[in-house]
Structures are given as C-alpha cells and as structure tokens.
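Report on the structure given below.
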Amino acid sequence: MARSDLDGSLEPSVKRLLKVNFKALGKSGQLALLRTYSVIMSRGGKPGTQTAKAIGEQLDPFFPSEDDNLNEELCRVLCFLEHPSVVRKTIALMKTTQAKIPDFDAEVMKRHKGYGGRILSTMEADAAPNVLNIHLLFCLKDVQSGWSMDDRKAYLEELQKLASKKGGNMFSGYIQKIRESAIASVPERERVSLQYLMGEVKSVDLAKLPRAEGPGIAWTVESALKELNKEPLAGRNYGNGKKMFSAGLCVACHRFGDEGGGVGPDLTNLAKRSDYKSILESTIHPNMVVSEQFEQHELTMKDGSIVMGQVVAEENGEYALVQSGLDPLNLKKVKVADVKAKKGSKISMMPGGLINSMNAEELKDLIAYFISAGDKKHKIFRPLQKLQIELLSAIYGEAGNPKRQMDVRKVIQKQLDDFQYDFAMTNKLAGKDPAGGTVKVLDLKYKLDGKIYSKKIRENQTVSFID
C-alpha cells in the first residue's frame, strides 16, 4: 500500500503502523518500519498534526540509538515531522559520533589515478568525513522549529569541519548545497549572531568613508536632545543623512537596509523601537545597554592575562574573537585549553562619541535617516516650502517617434503641487500607454533656481527633482 500511493492511503497506513510495538522488533524490523514511514510520507506528504505527534511519541524514545543505521532512519522521519526534540537530540548525537576511515583496498585504488586517487585521499588520517553526520546535517537542514542559538552554532560549526575534509568529486558541492539550504532557513533575527559561521561578514574600507563637515560638537544626550526637540524634524536631507551614517562609522558595524557591516545590531528599524533619547544614549554611551547577543567576552587566561572580544566561533580547539567592529575580519585566535575562565562583559565594542564630528544639522539628518528606515521618499525629507520648479517640457513615449509620444506636463505638475519630488514614471501615472510593446522614456526639461535641467528617465524608473 505504501508503494502504490493510493489516494487517501496515508492516514490509514500510518494508523496501522502506530499499532506496532517498536521496542519488540529486532533491528531489521525496526528499519523496515522506519523505511515504510519514509515511503508513505514521501508519497503522501506530512500527516495531520495529531498523527504526526503520535508517530513522534512512538519513535522519539528510541532516538538516539546505539546503532548508526537506526539513527539514520529515526532522524530522517523525526526531522520530516519536525518533532520538538529532534534538533536538540540530533545536535547532541553529532558531537559523539566519529568519522570512519573507508575500508578499501589501497592497491586496487592506486590502479585508477583519477577517482581512485580521490578515494585514497579520504583514507588519510583526519581526512575522512563523518558520513553519519553528513546524513544528520542533511536531515536537519529544512527543520524550521526547535532550534536554540547554540544548536545553530553547533550545526554550522560541523559544516565548517566537513568542508575541510576530503571526499569524492561531488563531495564539496554536496556539503555546499546543505549549507545553502540550512542558511536560508535561519531567521533574520539570528543572522547577525551567526554571520561568521555563515560567511556573511562584511568589511568596510574606512579610508574611503566620507567625513562630516562640522564643526564638531562634544555632544551630550541632553544637548543633542535639546537640539532635536527645538522643532519637528522636517525638510531634512536624505543624502546627507546617509553620508552621516558612514561619517559616524555606523556603516562599519551596523546593517541598514542592504548596506553596512553586521557585527552590531541591525539599525534599519531602529526608530521603530527607540525614541530620540534611547538612540542618543546608545550612541553617546554605548556601555549603558549591551545586548547579550552582541556582548563581548572576557577571557581570563591561565597565565593571568585578560583577552577581550566577542567569541564568534570555536573550532579545532580554538576560540575566534572579533576585537573591533571596525576590523571584523581580523580575528584573534586563542587556544581553549589556555583559558581559565570565560564570562560576558558589559563593555561595548562600540566606541563612544562617534557623532562628535557632526554639527547640529548633520546630526538632525542622521536621525532623520534612521527615522526613514532608508526610505528616500519618507515625508521627513520633503521640503518645508514648495520648490519653485518651472516645467519646460515633459514628453513620454517611444524615443524618437513623435507619433507614439504624449505630453505629460499636467500629470507631473500635479505631483509637484502635492510636494512629490520623487516618483516613478509609469503608464498609470501618464494615464495611458502611448507606445505599447516598447520601453518608454520620459524626456524632461525644467528650471529650478535659475538653472535648466534636462533628464531622460526610462519607464518605471524614478523621476527625482531633489537629487
């Protein structure tokens, strides 16, 4: 019945298997039961919640087993069902298994210089991959629930270890596919903490960053707050706010939209979770609140010395620590065996006073940039007064073909009258499609502050009057 894949056979088949006493079966019987579950669910899909729970309760007490073959099949079924304990148990199992050196006849392998040579390389000491762990990693890669941060770190560390091993011609690609699939399932909120293990750390060239115009001010929370509260933030400069994000070195350590490093918290939605005072406190006094997720570690060495940094990986008996968010790829390695004690530190890796190079207007633009979450069209950037723009011409349609063009000055003027100085040029905005089947262009000419501007904007791209 399992192989025939009859409509509606999933639940009845599973209910029949649930009556089997797993413990009373021998190894071959247990494997047969587990493989039958696999065949049924590979054809019929995941059973209902209650049925899945019942299967888990039937099998979970026997996982892990002392037998590798049983562990392979138990893990396969329990992972497919996303049983609550499968991640924890599988990670614990991976830490206890050992790689087995392939038992091939070396003399026979030497006869084939190509693939035989690859097999021989896996027989070298410390080169053989842990085949059971590869299977366990594969089973876990698509499990969405039940992960702790330590579980994810252990998973990714095991993948790193396997990447250094030797296998057949497809080995590296196979491990990479598992890695890609596993990384894709990591929730956004956990990605920053795991970025070193995921290989997503970015380094910023500090020498190329812009600088604030100044003159700088030794800002306090009180003086900055007073400046920001003088009047509502409006008419701010998006480009300058983005520039200050770099000038204040925020970009070196923090993600904002698609830009920036990542050793610190993602600031894209900072303004949604913090008010002016909180933003200023965390900027001017970074030690005031240090999230456990981003805290440094204080390592007391056996020789009495102290090593500070954020432990981002543990591999081959060594801790890897990042000691500066400004140089995140320069990791200090410390032997675990040389460490006497390890504890969290409330000293932030972020230096204080990074906004002290900015004048009041630059600080306002930076805060406005945070409030906008990187949206150039946010109302905080709209001019306080209407720009005096004189439209000279605005022709939309097929370039070079007057018969398939239209005058759109009226619709663009309406945008300007509504203080919309950045908008997409679309057929919908124009009111019709003047040249179906071709990519249209807006040929725009206007006068602003005594200067004449000419622009050509492709269909669906942004028309901007305040570059």
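Be aware that the sequence shown starts at 127, since it is given in the numbering used here, and climbs by one per residue. Cβ coordinates follow ideal geometry from the N, Cα and C atoms, glycine included.
Taking aspartate 453 as the centre and dropping the five residues before and after it, the same chain places the C-beta of Ser329 closer than 8 Å to its C-beta, in chain order.
Annotated three-state conformation of tyrosine 445 is strand, per DSSP. Contact between proline 560 and lysine 566 holds: CB atoms are separated by about 7 Å, below the 8 Å threshold. Separation of the CB atoms of glycine 500 and methionine 476 is rounded to 20 Å, and the pair is thereby denied contact status at 8 Å. Our two residues, glycine 576 and tyrosine 522, have alpha carbons roughly 24 Å apart in a direct line. Counting only the Cα atoms, leucine 263 lies some 13 Å from proline 255. Its chain contains Arg305 as the residues whose beta carbon lies nearer than 6 Å to that of leucine 285, once the 5 sequence neighbours on both sides are disregarded; these appear in chain order. Bridge pairing for serine 471: Gln422 [DSSP]. In this structure, valine 269 sits near serine 311, with a CB-CB distance shorter than 9 Å.
The Cβ-Cβ distance between isoleucine 473 and asparagine 413 falls below 9 Å. Here the alpha carbon of arginine 169 sits roughly 15 Å from the alpha carbon of alanine 178.
With a cut-off of 8 Å on Cβ pairs, the region 462-472 is not in contact with the region 340-350, counting fewer than three such pairs. Rounded to whole angstroms, serine 191 and asparagine 259 show a C-alpha spacing of 14 Å. Going by C-alpha positions, isoleucine 538 is about 11 Å away from leucine 518. Isoleucine 309 and leucine 282 have their alpha carbons spaced roughly 9 Å apart. For serine 483, there is no enclosing beta strand (DSSP E), as DSSP gives it neither H nor E. For the region 334-377, the continuous alpha helix (DSSP H) assignments of 4+ residues that do not extend past its boundaries occur at 347-354 and 364-373, in sequence order. Going by C-alpha positions, glutamate 339 is about 35 Å away from asparagine 586. DSSP places valine 589 within a strand segment (E or B) once states are collapsed to three.
When the Cα atoms are used, leucine 335 and leucine 375 turn out to be separated by approximately 8 Å. The alpha carbon of leucine 455 has as its nearest neighbour, out of Gly443, Leu288 and Gln436, the alpha carbon of Gln436. The Cβ-Cβ distance between glutamate 199 and leucine 157 falls below 9 Å. Contact between the region 486-495 and the region 360-367 is present: 3 or more CB-CB pairs across the two stretches fall below 8 Å.
Ranking Leu136, Thr162 and Glu137 by CA distance to the CA of phenylalanine 148 puts Thr162 first. In the displayed model, tyrosine 402 falls within a helix according to three-state DSSP. In the DSSP assignment, alanine 225 falls outside any beta strand (DSSP E), carrying neither H nor E.
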